[in-house]
Each structure stands twice: as C-alpha cells, then as structure tokens.
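K.L.:
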Amino acid sequence: MSANWNAWREKVLYPLLDGQKLSAEEVKQLGGLALLSADADRVQEYVFESARMPEIRGASMLLQDLNKEVAGLVEQAVDAKCVIYYGGGSLLAILPDDADLLAELKHKIESLYPQCTGVATTTCITYSTTADELRGGYGTVTLEAVNALRGAYPSEWRRIAASYEVYGQDGKPPGEISKDAFEARRGFGQMVKLAGVALRRRKDNRPLTPFRETLPHAQRCRSCGQRPAALMGRLHEDLWPLCEPCLLKVKGRRADRSHWLEKYLGFVAKRSDLEVTYYGKHGPDDVKIANDLGEIGQACAARSGYVGFIYADGNSVGRLLETQRTIAEFRQVSDALKDVTESAVYQALADLVRPAKVKREQDGGPEIIHPFEIITIGGDDVLLIVPGDVALPLAVRICERFGQGMKEAGFQLPDGSPVTMSAGAVIAESHNPVRALRDVAEQLLKRTAKRRTHDARAPALDFLVLKSQSMLRRDIDDLRATYPIKLPGESKRTALRLTGTPYTLEEMKTLLRLLRQMRLSGFPTSQLQRLVEALHEGRERGSLFFLYQQARLHERETGAILKAIEKAWHFDEERDPIPWNRVDCDPDAEVAYTSILPDLAELYDFVPSKEDLGRWDVLLGEVSDALSG
Ligand SMILES: [Zn+2]
979 MSANWNAWRE KVLYPLLDGQ KLSAEEVKQL GGLALLSADA DRVQEYVFES ARMPEIRGAS
1039 MLLQDLNKEV AGLVEQAVDA KCVIYYGGGS LLAILPDDAD LLAELKHKIE SLYPQCTGVA
1099 TTTCITYSTT ADELRGGYGT VTLEAVNALR GAYPSEWRRI AASYEVYGQD GKPPGEISKD
1159 AFEARRGFGQ MVKLAGVALR RRKDNRPLTP FRETLPHAQR CRSCGQRPAA LMGRLHEDLW
1219 PLCEPCLLKV KGRRADRSHW LEKYLGFVAK RSDLEVTYYG KHGPDDVKIA NDLGEIGQAC
1279 AARSGYVGFI YADGNSVGRL LETQRTIAEF RQVSDALKDV TESAVYQALA DLVRPAKVKR
1339 EQDGGPEIIH PFEIITIGGD DVLLIVPGDV ALPLAVRICE RFGQGMKEAG FQLPDGSPVT
1399 MSAGAVIAES HNPVRALRDV AEQLLKRTAK RRTHDARAPA LDFLVLKSQS MLRRDIDDLR
1459 ATYPIKLPGE SKRTALRLTG TPYTLEEMKT LLRLLRQMRL SGFPTSQLQR LVEALHEGRE
1519 RGSLFFLYQQ ARLHERETGA ILKAIEKAWH FDEERDPIPW NRVDCDPDAE VAYTSILPDL
1579 AELYDFVPSK EDLGRWDVLL GEVSDALSG
C-alpha cells in the first residue's frame, strides 16, 4: 500500500516535517492531511486487575508491544516518519487525508488490542487538517480579533486572557494580549490538543470493554476475580481457574525480564562506574528478576516485608506540549520527556538500590534478585515498586534528576518556570493488593498539586506509611482530617495535624538528612515516640515537653538531634512554637499547626543501617555538610 503514497511522502510529509511552507492546492491534490491519534483505554485498570506480579508485568509488557505494533501499522501503511510520537499506550501520526486509508488503519488499530489481549481496547480518531493549521494553529482567529473581545466582553476578559496565560496584577483586570503570548498558543501543539479533545469525546461515547457474560454458576478467574474462568492453568505454583485474558498476559513470558528492566540493565552496563556501584560483588548474570512483591519486601533491610509503591508524574507537561509551535519542536519535547524520565529512573535506581538476597517461596533456596519492578514509564509517568526503605530517597532522586535533565536539555514551561516532577509514595506490607497501593499512591500524587497551588517552591512529594489494611479503603484527605492524625481544636482554626505532608523536594531532603543523623547517632526510637505522644496532649504540652527534653538532654547526642531538628527546620520563633509549624494556607481551613515529628517517627523505621546509609550521600551530600543545606 505504501507505494501509493510516494508523491505525498516526498512533496507533503517530508517538507512539512522540515518546516517548509506548502501550497494548499498541491497538498490537497496529493491527498491532503489528517492527524491520527490513538490511546489505549483504561490502561491501569487492565494492568492492575490482577493482584500478582507476573500478570501485572505481563500485561504492561503486552501493552508496550501493542503500542509498538500500532506504530508499525502506520509505518506499513505510509511511512515511519508519519509517527510523531508513540509511547505509554498513545500514538500521534500525520497521514494523508484519505478516507479509505484512515478507516482501514483505524479499524486495524482498534481491533488489535481486543484481538491480542481479549479485553483491553484502544480508541483512535482521525482529524482532517491543513498544512497551514499544522504550522500556524487552528482556525483564522487573529490577535486583533482576540483583543477586541476585551472591550466587547469585559466580564469574560479575565478568563479569555488566562487561556493565553496573561493575568492582571494586584487584582486589576489583565491588559491586552501580546503578540508573543498569542503566537505561543498557536501552532502544532494546539492541533494536538484539539485531537486530544476529539479522542476523549470518542472515548466517552463508546462502550470500551468487550462484554462477557458471567453465568451465576460459572467459576471466576482466580487471577483477576472479574471474568469467568475458561480453563485451569498453571500461572503460579498451583493450578488456577483462569480466564483467557489473564492467560494471555503471561503466555510465554513467565520468567522474562520486563522491557524496562532490560533497558535499565543496558543503561547500567554502558556506565562502568554505575555497573560497579550497582552490582558490587555480584556478577550481572547471577541476579534474577523478582518473582513477586514478597521478594521485593524481603529486600527491605530496615524493616523486612515492606515495599514502596511510587507514582511520579511531570508537572504541567500537557501545557508544555500544547505550546509547541512546530512539529519538530513538539517531537523534540516529547522525545526529551521520554528520555529524561527514563534516565532519571535508571540513574536513581542504580544510585540507591542494590541486588538483594531473598528466600524464594517455592523451593526456599536463596536467590539474588533485582529488588524492584518498573511497572511502566509512559512519557513522563512513572510507576514502580521498590523495597520500603528505598521508596522516599528514590522518589526524591527521580524527581530531582528529571528536573535537572529537562533543564540541561533546555526546556522550560511557557512562563519560564522549570519543568519539574512530583511524586506520591506509599510504604506498606508486601501482602497488600498492588492495585490498592497504586490507588493510594495516585491520591498522594494528586495531593502534591494542592500544595503547589500555594507554594512556589514546588515540586512536591507526599507519602503515607500504611499501618493497617483499613487505611487502604480510606480517602487520604479524609484520613488526615480525622483523629488520630487531626486533633480538633477548641475554637475556630486551632486544630492540629500530626503530619507535615506534603513536602517540597527540598523539605523532604531536610527530613532525610535529619533521619540520617538520627540513625548515625543511634537516636532511641522510644525517645521519639514520647515526643510524638506529647503532641497528642495538645499544642502547649507538646511544645513544653520538646523544650524540656531539649534542655534535659543538651549535653548528650540525643539532645544535639533535637537542636538539629530546630535548626534544620527553620522554626520561626515568632510564629512556630517548636515542634509545631504554623500553617497559613491549608486546604483544611480548621488546621492551624502541623508537625514534622510524627513523620520523622514513622520514617525512622525505614532508615537503613549505618553501613548502608552511605548510599544516601549521592542524594543528600556527605554527612559533614549534612545540615547546612
Ligand atoms: Zn482473569
């Protein structure tokens, strides 16, 4: 088929990608232009419908393979260069505006997923466009016409101007939109945004999951618990009743490394210093993949049995992409996001994680494993599972490396602020269902955005140490708005919250430095717990007890830590009755004070031993200058 499009390819596609101006007439004669946008539906629902690792890993790999296959379909139909972007289940391509070609491609793409997975679907739309639109943006709106709205609709002007990121100052209405601000919002990125809107509309308007009837007496699949079982299969140790889609996830890949792990190992192998740091005394071939969450939990040396689920995501990345003027710029940014995110994850893993010896469930024999699972890196989205004692430093490291990487690559947001990443991390026992951990991590990630709205020091990180399964079913905001995390006050706006989360990355690093110092000096856990217990008795009692302990222990190392907490956290004498911090702007209007002490107490259990703490230096600096930052 591709031979038919030779002229289109040479005279339309290549010049267009090159940024050349094309004659509308000629483009039309050669076949016109259309955008094709495809996106896998409810990806995470599909990946996390089973609770166990092999199916989750298999499902994620299957989706990755299919994503690549979709790009292959476009390539076969016309040309590899048509594909502007693919990854994380999405694809964006520029194609001839030929009804037959587009209908066939769309059909092939949309039927590929159900065919290969039995259950997952993808949505695809096509959008007729022109070379001028792909270069200069949608429609014929001019700057003059937009600015004329200021006089015509004064009450609407604030909203209109905001869409060009023009704001009024000191409460005054915004002025006219400048040529730069106007131009910045017209171009290829705007067309991608429109295609995205069309895609969402189509998703909302069609049934996504192939219907499967469940008869009342049918046995359900033991892996997903959702669909009727079709046969007995050996997925884990025993024979399980399984459904077809679950079997497809693991077919032929039971012992495979994920594509992400392969890429990580390649990343490490290319850098001899990293290879030495990461593998230590182990040979690369001796290290196996983790079979399940239990094994990753075993690798948590500080407190065995705990895993950390991290969900990280670039901030305002949609805005960054939508404001790219040309196809070339758009491609550069989306490629950079992909590369920078992957490198950030790989570098952070090599810095902070080490192969670990675990006891394998089936045969009980010791095995050395890579103690983590990268579930996905989709564009600027990261989902991964690590040992509980690695979760927070690793999450901070990934966010930090991402910010550095985007800066080094020369990218910034339209308003000139840096491109950053935030993360949510939940630390929990390894027997918890993975999808529940994912849900909590996502909630935590969303909470970081709440902080960003009133704190310019973004990016941020929120975490939760899960102490009971009942916490899994609770909404995080609700959890933190009730006893014992929130202590109601006697009058208006006097409530106390026994956590300082979410934190900015810098604050999180300060906490980690304090925790490191506590571990190095052997700070007693019981002492920390007494300080936290005193907080439960109210603001004044909490403060008095802290100050009393500080004075009583001032000549000992324990007292030095209490001084260090005061110094590192910059308690303001005027407003912060140590160890409380006054909050000025909290989503919960009743809360007047929060404290970092309960967070330190929760995390102290997850601080590695003195011998392993050196690993944190790469993130926090050497111990000597530990508290200067
Ligand atoms: Zn199933």
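Using the numbering used here, read the sequence shown as starting at 979 and increasing by one per residue. Where a beta carbon is used, it is the ideal one built from N, C-alpha and C, also for glycine. Just so it is clear, the structure is predicted and the values come from calculations on it, not from any experiment.
Over what stretch of residues does the beta strand (DSSP E) that includes Pro1576 continue unbroken?
P.N.:
No beta strand (DSSP E) holds Pro1576; the alpha helix (DSSP H) holding it covers 1575-1582.
K.L.:
Cutting at 7 angstroms between CB atoms, please list the residues of its own chain near Pro923, excluding the five before and the five after it.
P.N.:
Residue 923 is absent from the model: the chain starts at 979 and stops at 1607.
K.L.:
From the DSSP secondary-structure annotation, give me the bridge partner or partners of Gly1402.
P.N.:
Tyr1289, Asp1440
K.L.:
Whole angstroms is fine: what's the gap from Gln1507's alpha carbon to Phe1584's?
P.N.:
15 angstroms
K.L.:
With a threshold of 7 angstroms (Cβ to nearest heavy atom), would Leu1220 be considered close to ligand 1?
P.N.:
Yes, since a heavy atom of ligand 1 falls inside the 7 angstroms radius drawn around the Cβ of Leu1220.
K.L.:
From what residue to what residue does the beta strand (DSSP E) around Thr1536 run?
P.N.:
Element bounds for Thr1536: not the beta strand (DSSP E) but the alpha helix (DSSP H), 1535-1546.
K.L.:
Any idea which residues DSSP pairs Asp1359 with across the strands?
P.N.:
Asp1291, Gly1356
K.L.:
In chain order, what residues of the same chain lie with their CB nearer than 6 angstroms to the CB of Arg1413, ignoring the 5 residues before and after it?
P.N.:
Phe1026, listed in sequence order.
K.L.:
Rounding to the nearest angstrom, what Cα-Cα distance links Pro1365 and Lys1445 in this structure?
P.N.:
16 angstroms
K.L.:
With a CB to CB cut of under 7 angstroms and the five nearest residues on each side skipped, what residues in its chain are close to Ala930?
P.N.:
Nothing can be reported for residue 930, as the shown portion of the chain is limited to 979 through 1607.
K.L.:
For Val990 and Glu1082, I'd like the C-alpha separation in whole angstroms.
P.N.:
21 angstroms
K.L.:
Give a yes or no on whether the C-beta atoms belonging to Ala1280 and Val1336 are separated by under 8 angstroms.
P.N.:
no
K.L.:
Bridge partners of Ala1473, per DSSP?
P.N.:
Val1569
K.L.:
DSSP on Leu1209, reduced to helix/strand/coil?
P.N.:
Three-state result, Leu1209: strand.
K.L.:
Which value, in whole angstroms, describes the spacing of the CA atoms of Leu1581 and Gly1592?
P.N.:
17 angstroms
K.L.:
Output the distance between the C-alpha atoms of Leu1080 and Val1285, rounded to the nearest integer angstrom.
P.N.:
Whole-angstrom Cα-Cα distance: 46 angstroms.
K.L.:
Using C-beta distances below 7 angstroms, list every residue in its chain close to Glu1378, excluding the 5 sequence neighbours before and after it, in chain order.
P.N.:
Leu1483
K.L.:
Quick one: Cα of Ala1529 to Cα of Lys1545, how far?
P.N.:
15 angstroms
K.L.:
Do you know offhand how far Arg1475's Cα is from Asp1417's?
P.N.:
23 angstroms
K.L.:
Do Leu1008 and Ala985 have their beta-carbon atoms positioned less than 8 angstroms apart in this structure?
P.N.:
yes
K.L.:
Which whole-angstrom value is the C-beta distance of Val1246 and Leu1252, which I expect to be below 8 angstroms?
P.N.:
5 angstroms
K.L.:
In chain order, what residues of the same chain have a beta carbon less than 6 angstroms from the beta carbon of Arg1212, not counting five sequence neighbours either side?
P.N.:
Counting only Cβ-Cβ distances below 6 angstroms, and skipping sequence neighbours, we find nothing.
K.L.:
Can you determine whether any heavy atom of ligand 1 sits closer than 7 angstroms to the C-beta of Cys1094, and answer yes or no?
P.N.:
Every heavy atom of ligand 1 is 7 angstroms or more from the Cβ of Cys1094, so no.
K.L.:
Among Lys1006, Ala1016, Ser1201, Glu988, whose alpha-carbon lies nearest the alpha-carbon of Glu1033?
P.N.:
Selected option, being the one with the closest Cα: Ser1201.
K.L.:
Taking the alpha carbon of Leu1509 as the point to measure from, which residue in Ala1427, Pro1502, Gly1520, Phe1501 has its own alpha carbon closest?
P.N.:
It is Gly1520.
K.L.:
What does a CB cutoff of less than 8 angstroms around Leu1090 pick up in its chain, not counting 5 residues either side in sequence?
P.N.:
The residues are Leu1044, Glu1047, Val1048, Leu1051, Thr1100.
K.L.:
Are three or more beta carbon pairs between the region 1482-1496 and the region 1531-1548 nearer than 8 angstroms?
P.N.:
yes
K.L.:
Under three-state DSSP, which class holds His1348?
P.N.:
strand
K.L.:
When you measure from the CB of Pro1223 to every non-hydrogen atom of ligand 1, does any distance come out below 7 angstroms?
P.N.:
yes
K.L.:
Please report how far the alpha carbon of Cys1060 lies from the alpha carbon of Gly1066, in whole angstroms.
P.N.:
18 angstroms
K.L.:
By DSSP, does Cys1102 sit in helix, in strand, or in coil?
P.N.:
strand
K.L.:
Which residues share a DSSP beta bridge with Leu1014?
P.N.:
Bridge partners of Leu1014: Ala1071, Thr1104.
K.L.:
Would you kindly check if the distance between the Cβ of Leu1040 and the Cβ of Thr1104 is under 8 angstroms?
P.N.:
In terms of Cβ geometry, Thr1104 and Leu1040 do not form a close pair [threshold 8 angstroms].
K.L.:
Whole angstroms is fine: what's the gap from Ala1002's alpha carbon to Thr1107's?
P.N.:
Straight-line Cα distance between these residues: approximately 11 angstroms.
K.L.:
Please classify Arg923 as buried or exposed, where buried requires at least 16 neighbouring CB atoms within 10 angstroms.
P.N.:
Residue 923 is absent from the structure shown; the chain starts at 979 and stops at 1607.
K.L.:
Whether or not the region 1570-1579 and the region 1548-1558 are in contact is what I'm after, with contact meaning three or more pairs of Cβ atoms, one per stretch, closer than 8 angstroms; do they touch?
P.N.:
yes
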